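Asker: Numbering (this note's numbering), first residue to last: 2 to 259.
All C-beta atoms in this analysis are idealised placements derived from N, C-alpha and C, irrespective of residue type, glycine included.
Predicted, not measured: the structure shown is a model, and the values here were computed from it.
Shown below is the structure under consideration.
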């Protein structure tokens, strides 16, 4: 069943849902684009890695825990060899969490050079701090190169990326081609708007591919079974009173009542 909302579903923006949506979106986008661009291009998935230093107190995962590390801890940790020299003192290392955030890239099949990068923004990109700065630095590297950048922001919360002349909107899709930079195409999206179809630039003589963002959302919503649980919590950040009343019309009945 597709998402009941006409455009972006604000319940997907919850922290516990978004990472799952993000990580499902990248392979789906890669699959949809591969069907259009092969055999001249290769569509691949890569990832950014963010190291979060956690505050003192109980450990709280803000990203995804490493599976192997979790397994070792469950089994009592890694035992050291016997006969190891004892250190004269002990220190405590800060707790960290590793967050892996996927993105999609298109490469030329002949020589593997990078053609286009497709990024779905994550909460880490939009919160002040080193993780946002790290993403912006990589973003500028792409913008200073001959590579196309497609940046999709489907999160109302947090700070926007550095953009000039962006009108009022809740979300956006940006397509930056090298030739007209610093100008770039933008698709401003309001909460009640359908998600657009956007071009995915290739290189001459090939015409752009096309990415239907609404179709991406519908397919993930259905495959992930979001209808069964995402409506148990309110959207994050909260909707205005008017938007909350509007959104309530689209909420399905609780799973136990169906």
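Output the distance between the C-alpha atoms of residue 123 and residue 90, rounded to the nearest integer angstrom.
Answerer: Spanning the two alpha carbons is a distance of roughly 40 Å.
Asker: Considering only the beta carbon of each residue, do residue 1 and residue 210 sit closer than 8 Å?
Answerer: The structure shown does not extend to residue 1, since the chain is modelled only from 2 through 259, so no value can be given for it.
Asker: By the 10 Å Cβ neighbour count, where 16 or more other Cβ atoms means buried, how is residue 245 classified, buried or exposed?
Answerer: Exposed, because fewer than 16 other Cβ atoms sit within 10 Å of the Cβ of residue 245.
Asker: Less than 8 Å between the beta carbons of residue 151 and residue 102, yes or no?
Answerer: No; because the gap between Cβ atoms is not below 8 Å, this pair is not in contact.
Asker: State buried or exposed for residue 233, treating a residue as buried only when at least 16 other CB atoms are found within 10 Å of its CB.
Answerer: The residue in question, residue 233, is exposed, as its Cβ has fewer than 16 Cβ neighbours within 10 Å.
Asker: State yes or no: is the beta carbon of residue 112 nearer than 8 Å to at least one beta carbon in chain C?
Answerer: As a matter of chain content, chain C is missing from the structure shown, which is built from one protein chain.
Asker: Which complete beta strand (DSSP E) runs does the stretch 183-218 hold, if anything under 3 residues is left out?
Answerer: Those beta strand (DSSP E) runs which fall completely within the stretch 183-218 and span 3+ residues are 186-190, 198-201 and 210-213.
Asker: DSSP three-state label for residue 169, please.
Answerer: Correct three-state label for residue 169: coil.
Asker: From this set, 160, 223 and 171, which residue's C-alpha is nearest residue 132's C-alpha?
Answerer: When each option's Cα is compared against that of residue 132, the closest is 160.
Asker: Beta-carbon within less than 8 Å of residue 15's beta-carbon, same chain only, minus the 5 sequence neighbours each way: which residues are those?
Answerer: These residues qualify, in order along the chain: 231, 234, 236 and 237.
Asker: Should residue 193 and residue 8 be called a contact, given that it needs their Cβ atoms to be closer than 8 Å?
Answerer: Yes, the Cβ-Cβ distance between residue 193 and residue 8 is below 8 Å.
Asker: Rounded to whole angstroms, what's the CA-CA distance from residue 113 to residue 84? Just pull it up for me.
Answerer: Looking at the two C-alpha atoms, the distance is approximately 50 Å.
Asker: Between 197, 191 and 153, which lies nearest to residue 104 when the distance is taken from Cα to Cα?
Answerer: Comparing Cα positions, the closest option is 153.
Asker: Which stretch, first to last residue, makes up the beta strand (DSSP E) that contains residue 118?
Answerer: Looking at the DSSP string, the run of the beta strand (DSSP E) that includes residue 118 is 115-121.
Asker: Quick check on residue 248: buried or exposed, where buried means 16 or more other Cβ atoms within 10 Å of its Cβ?
Answerer: Buried is the call here.
Asker: Assuming residue 174 contacts residue 188 (C-beta within less than 8 Å), just tell me the rounded distance between them.
Answerer: That belief holds up - the Cβ atoms of residue 174 and residue 188 are roughly 4 Å apart, short of 8 Å.
Asker: To the nearest angstrom, report how far apart residue 241 and residue 204 are at their CA atoms.
Answerer: Distance between the alpha carbons of residue 241 and residue 204: 43 Å.
Asker: Taking DSSP as the reference, what is the three-state secondary structure of residue 48?
Answerer: Reduced to three states, the DSSP call for residue 48 is strand.
Asker: Please list, in chain order, all residues of the same chain as residue 3 whose beta carbon is under 7 Å from its beta carbon, the five residues on each side excluded.
Answerer: Contacts found: 219, 222 and 223.
Asker: Return the chain-ordered list of same chain residues with a C-beta closer than 6 Å to the C-beta of residue 38, the five sequence neighbours on each side being excluded.
Answerer: For residue 38, where only same-chain residues beyond five positions count, the Cβ hits under 6 Å are 210.
Asker: Could you tell me which of 10, 186 and 149 sits nearest to residue 165, measuring between CA atoms?
Answerer: When each option's Cα is compared against that of residue 165, the closest is 186.
Asker: Can you tell me the Cα-Cα spacing of residue 138 and residue 144, whole angstroms?
Answerer: Roughly 10 Å between the two C-alpha positions.
Asker: What is the DSSP secondary structure of residue 90, reduced to helix, strand or coil?
Answerer: Residue 90 falls in the coil class under three-state DSSP.
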